[in-house]
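Data first, discussion second: the structure below is written as structure tokens.
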Amino acid sequence: MKENINFLKIPINRIIALILMDVMSIVVASFAALYIRFDFKFNGIPEEYLVKFEHIIPYNILLTLLFFAIWKLYKSVWRYASATELLNIVFATTCASVAQTIACYVLNENMPRSYYVLYWFLLFGMTCIIRFSYRILRLINSKRSELTGKKDRNNVMLIGAGAATNAILKEIETSRYLNLNAKCIIDDNPGCHGKFLRGVPIVGNRDKIIDAVGEYGIDEIIFAIPSANTQVRKEILDICKETGCKMRTLPGMYQLINGDVSVAKLKEVEIEDLLGREPIRINTEEVLNYVKDKVVLVTGGGGSIGSELCRQIASHQPKQLIIVDIYENNAYEIQQELIRKYPQLNLVVLIASVRNTERINSIFEKYRPNIVYHAAAHKHVPLMEVSPNEAIKNNVFGTYRTAQAADKYCVEKFVLISTDKAVNPTNVMGASKRMCEMVIQMMNRKSQTNFVAVRFGNVLGSNGSVIPLFKKQIAEGGPVTVTDPNIIRYFMTIPEAVSLVLQAGTYAKGGEIFVLDMGEPVKILDLAKNLILLSGHKPDEDIHIIFTGLRPGEKLYEEMLMDEEGMQDTANNLIHIGRPIELDEEKFMQQLEELKEYVVTEPEDIRECVKKIVSTYHPELAGENK
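Note that our numbering numbers the sequence shown so that position 117 is 1448, with each residue one more than the last.
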């Protein structure tokens, strides 16, 4: 693979320069071998050997250059040379020396036996000096800068004394573009302490981190243990974040397995690194069997949840993937990404609104999807409080029209992406999603299609979540805004949530509301403080935190189940089923029809209408810790 990279194509002038230096080293090594053999006395060299030297040297030069070319000594980038290149020098010089020996005997120009051994040592040494001189000079300059007190590079501490750290240190040594200076290594293995890795001292275990930061003037910490479990990672990063240093980490073990470890692959330490739990894993075989060779349609496929659904579905070999989204930019981005990653994927990207009955029906009629994931929705709580009618139009009736199309065109499974805000809602967005769940339950009872809903909490990094907002505020120098010091939320990464959604779909028999186990709730204030620390700043010193008060419709905590709902387990202990609440379908249908006619008039009292339908909707309790 390396040979295909353009920067490995060495300029012709550099090759010529190397050839000229090699010619010089061949001549010098040949003569020096004779000179050493005869006790470092030029007058002591017999005349016959000087004549033989003159006769054999042209052949020696040609043979040596030939073997140097065969062993790619003119094609390597010596700035990044490794043990492979060193072995190539050994083989090239050995072959050249053997060839010279044979040529001498064939041409009857025999030299003293010791000459051949001396020649090999000299040729090998000079070739190494020529090839590795760049790295030697760079190392000297680096040490000179340290001794003179000039600091134009960041001092780096590495966590872990394994293969990943070795690869990173090698790149730091060889690259002229990195402004990093490796000062020390931390490793919990006591057998490593006091030793050196590529010249960098291993100074102790995690308890030494804070002291070493001060002792070595560390600016940046690199966590380079891709095999570390989540708990170990959290424990070490918790110590690191107290140092005020910038932190980066390797994405994961697969980087090491693939030999893909480099400084370029380092990423900023993310807040999910500090959640303190193992990543959620699903039965991929179940999902594969469920999605493979099926026509799958995803509404809202350009959004944060919808796009991740598309990524994971694309990896499970669907017959066709149809993405529907009203926002063309979002749709374009996921389209281009999937085309790059899955060139064989049968992909269709359509711009459409789920509120447009004719458009949605025409899509279902043409493509006949087997599975539908309905992720299209307005989800921003404060914005929907200002524009409640739009929440009802898009979320409720968009879901209703899409569900009707699924029923009409005999879709096998219809999965609604719901939210914990649908439970005892205090805002219009949550109430609208609760009505969506009611629509799904109603449709399931009269349709051959299996209609289900999947309910989960906040996802890290989604559009409109606090994490991107906090990062932007930190980058701008603060302040970081938190609504309330006591507000808590359930969190999960987007890939984790989507994986569970896909697996929940495999369990669906119709009518279920699947509830994802979100783990322990997290204080938003703690998230803000940790992100500030991870950025190398101190909360309320470098970056201030201010409290702005709860936003319209917001409550201090979210719930996953209503009191009336029970909990039933599934084969996955992170996926549960809430018992459906009894629903008067005839009454609900009548209410929907009335609401549909009323909402288009842009009424001011839409909340009162919603309260009549969703009995658990209590906007007056927003902000209260019930």
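Each residue gets a CB set at the ideal place from its N, CA and C atoms; glycine is no exception.
Since we're looking at a predicted model, the values are computed, not measured.
#### Entry: Limits of the beta strand (DSSP E) - the one that Asn-1781 falls within
On the sequence shown, position 450 is the one that residue 1781 refers to. That run of the beta strand (DSSP E) goes 1781–1787.
### Message
My output table needs one value for Ala-1839: the three-state DSSP class, helix, strand or coil.
### Response
Translated into positions along the sequence shown, residue 1839 becomes position 508. Looking at Ala-1839 - three-state DSSP - the assignment turns out to be coil, as it is neither helix nor strand.
### Task
Would you mind sorting Gly-1548 into buried or exposed? The rule is 16 or more other CB atoms within 10 Å of its CB.
Counting from 1 along the sequence shown, the entry for residue 1548 is found at position 217. Under this definition Gly-1548 is an exposed residue.
#### Entry: N- and C-terminal bounds of the beta strand (DSSP E) containing His-1907
Here residue 1907 refers to the residue found at position 576 of the sequence shown. Element bounds for His-1907: 1906–1909.
### Query
Rounded to a whole number of angstroms, what is the C-alpha to C-alpha distance between Ala-1434 and Gln-1675?
Position 103 of the sequence shown, counted from the start, is the residue given in the question as residue 1434. Position 344 of the sequence shown, counted from the start, is the residue given in the question as residue 1675. Cα to Cα, Ala-1434 sits roughly 57 Å from Gln-1675.
#### Entry: Glu-1913 versus Gly-1842: straight-line alpha-carbon distance, rounded
For the purposes of this step, residue 1913 is taken as the residue at position 582 of the sequence shown. For the purposes of this step, residue 1842 is taken as the residue at position 511 of the sequence shown. Near 12 Å, if we compare the C-alpha coordinates of Gly-1842 and Glu-1913.
### Query
Bridge partners of Lys-1752, per DSSP?
Sequence index remark: in the sequence shown, residue 1752 carries index 421 (1-based). Beta-bridge pairing links Lys-1752 to no other residue.
### Query
So the alpha helix (DSSP H) Asp-1353 belongs to, where does it begin and stop?
Indexing the sequence shown from 1 puts residue 1353 at position 22. Per DSSP, Asp-1353 belongs to the alpha helix (DSSP H) from 1343–1368.
### Message
Among Asn-1485, Ile-1874 and Asn-1692, whose alpha-carbon lies nearest the alpha-carbon of Val-1655?
### Response
Looking up residue 1655 in the sequence shown gives position 324. Selected option, being the one with the closest Cα: Asn-1692.
#### Entry: Cutoff 7 Å; reference Thr-1496; Cβ partners in own chain excluding five residues on either side
Within the sequence shown, the letter at position 165 stands for residue 1496. Result list for Thr-1496: Leu-1489, Ile-1516, Leu-1528 and Ala-1555, in chain order.
### Query
Is the CB-CB distance between Lys-1860 and Pro-1870 below 7 Å?
As a working note, residue 1860 is residue 529 in the sequence shown. As a working note, residue 1870 is residue 539 in the sequence shown. Going by C-beta atoms, Lys-1860 is nearer than 7 Å to Pro-1870.
#### Entry: Sequence-distant residues of its chain with Cβ nearer than 6 Å to Arg-1653 (five each side left out)
Working through the sequence shown from its first residue, we reach residue 1653 at position 322. Position check: residue 1653 holds Ile in this sequence, whereas Arg was assumed. So the qualifying residues of the chain are Leu-1628, Val-1679 and Tyr-1698.
### Query
Quick one: what's got a C-beta closer than 7 Å to Trp-1402's C-beta in the same chain, skipping five residues either side?
Taking the first residue of the sequence shown as position 1, residue 1402 is located at position 71. Excluding residues within five positions, the ones whose Cβ falls inside 7 Å are Asn-1419, Phe-1422 and Ala-1423.
### Message
I'd like to check one pair, Arg-1910 with Pro-1713: are the Cβ atoms closer than 7 Å?
### Response
Here residue 1713 is taken as the residue at index 382 of the sequence shown, counted from 1. Here residue 1910 is taken as the residue at index 579 of the sequence shown, counted from 1. No, they are not a contact pair.
### Message
What does DSSP give as the partner residue(s) for Asn-1441 in the beta ladder?
### Response
For the purposes of this step, residue 1441 is taken as residue 110 along the sequence shown, with counting starting at 1. Note: Asn-1441 sits in no beta bridge, so no partner.
#### Entry: Coil, strand or helix - Asn-1486 by DSSP
Residue mapping note: residue 1486 aligns to position 155 of the sequence shown, counting from 1. Reduced to three states, the DSSP call for Asn-1486 is strand.
### Task
Pull up the DSSP beta-bridge partners for Glu-1551, would you.
For the purposes of this step, residue 1551 is identified with residue 220 of the sequence shown, where counting begins at 1. Paired residue(s): Val-1487 and Lys-1577.
### Query
Since Thr-1688 and Asp-1738 are thought to touch, with beta carbons under 8 Å apart, how far apart are those beta carbons, to the nearest angstrom?
In the sequence shown, the residue the question calls residue 1688 occupies position 357. In the sequence shown, the residue the question calls residue 1738 occupies position 407. With a Cβ gap of about 13 Å, Thr-1688 and Asp-1738 do not count as contacting.
#### Entry: Reduced DSSP secondary structure (H/G/I, E/B, other) of Val-1813
Sequence index remark: in the sequence shown, residue 1813 carries index 482 (1-based). If DSSP states are grouped into helix, strand and coil, Val-1813 belongs with the strands.
### Task
Identify the continuous beta strand (DSSP E) that holds Leu-1628 and give its terminal residues.
To locate residue 1628, count along the sequence shown from 1; it is residue 297. Note, Leu-1628: beta strand (DSSP E), 1626–1630.
### Query
Do you know how far the Cα of Pro-1934 is from the Cα of Thr-1947?
As a position in the sequence shown, residue 1947 is number 616, starting the count at 1. As a position in the sequence shown, residue 1934 is number 603, starting the count at 1. Straight-line Cα distance between these residues: approximately 21 Å.
### Task
Go ahead and pull the three-state DSSP assignment for Met-1893.
Your numbering for residue 1893 matches position 562 in the sequence shown. Confidence at Met-1893 is low in this model, with a pLDDT of 48, below 50, so the placement of that residue is unreliable and no value is reported for it.
### Message
For Arg-1345 and Met-1355, what's the separation of their Cα atoms in angstroms?
### Response
Mapped onto the sequence shown, residue 1345 falls at position 14. Mapped onto the sequence shown, residue 1355 falls at position 24. Straight-line Cα distance between these residues: approximately 15 Å.
### Entirely enclosed beta strand (DSSP E) segments - the stretch 1504–1540, minimum 3 residues
1511–1517 and 1531–1535
### Query
Which ranges does the beta strand (DSSP E) cover as unbroken runs of at least 3 residues, wholly within the stretch 1613–1680, from first to last along the chain?
1626–1630 and 1651–1656
#### Entry: Own chain, CB closer than 8 Å to Trp-1451, minus 5 neighbours either side, in chain order
By one-based count along the sequence shown, residue 1451 stands at place 120. For Trp-1451, where only same-chain residues beyond five positions count, the Cβ hits under 8 Å are Thr-1424, Thr-1425 and Ser-1428.
### Message
the ligand PLP and Ile-1644: does any heavy atom of the ligand fall closer than 6 Å to the residue's C-beta?
### Response
You won't find the ligand PLP in this model; it holds no ligand whatsoever.
### Query
Does the separation of the CB atoms of Val-1832 and Val-1785 fall below 7 Å?
The residue you call residue 1832 lines up with position 501 of the sequence shown. The residue you call residue 1785 lines up with position 454 of the sequence shown. Their beta carbons are under 7 Å apart, which means Val-1832 touches Val-1785 by this criterion.
#### Entry: Residues that Pro-1870 bridges to, as DSSP identifies them
Position 539 of the sequence shown, counting from 1, holds the residue named residue 1870. Note: Pro-1870 sits in a beta bridge opposite Ile-1874.
### Secondary structure of Ile-1556, DSSP reduced to three states
Within the sequence shown, the letter at position 225 stands for residue 1556. In the structure shown, Ile-1556 sits in coil (DSSP, three-state: anything other than H, G, I, E or B).
### Task
Indicate the three-state DSSP secondary structure (helix, strand or coil) for Arg-1686 in the structure shown.
Reading the sequence shown from its first residue, position 355 is the one you call residue 1686. Coil at Arg-1686, not helix or strand.
### Query
Around the C-beta of Asn-1661, are 16 or more other C-beta atoms found within 10 angstroms, so that it is buried, or is it exposed?
Here residue 1661 is taken as the residue at index 330 of the sequence shown, counted from 1. Buried, by the Cβ-count rule.
### Same chain only: Cβ atoms within 6 Å of Ile-1341, ignoring 5 sequence neighbours per side
Position 10 of the sequence shown holds residue 1341. Any reading at Ile-1341 needs caution, since the residue's pLDDT is 49, under 50, leaving its predicted position unreliable; the model's value is listed next. No residues qualify anywhere along the chain.
### Task
Please state whether DSSP places Ile-1912 in a helix, a strand or coil.
The count along the sequence shown starts at 1 and reaches residue 1912 at position 581. Looking at Ile-1912 - three-state DSSP - the assignment turns out to be coil, as it is neither helix nor strand.
### Message
I want to know whether the stretch 1721–1735 touches the stretch 1755–1771 - three or more CB-CB distances under 8 Å.
### Response
yes
### Task
Could you check the C-alpha separation between Gln-1431 and Gly-1530 for me, to the nearest Å?
Indexing the sequence shown from 1 puts residue 1431 at position 100. Indexing the sequence shown from 1 puts residue 1530 at position 199. Each residue's alpha carbon lies about 38 Å from the other.
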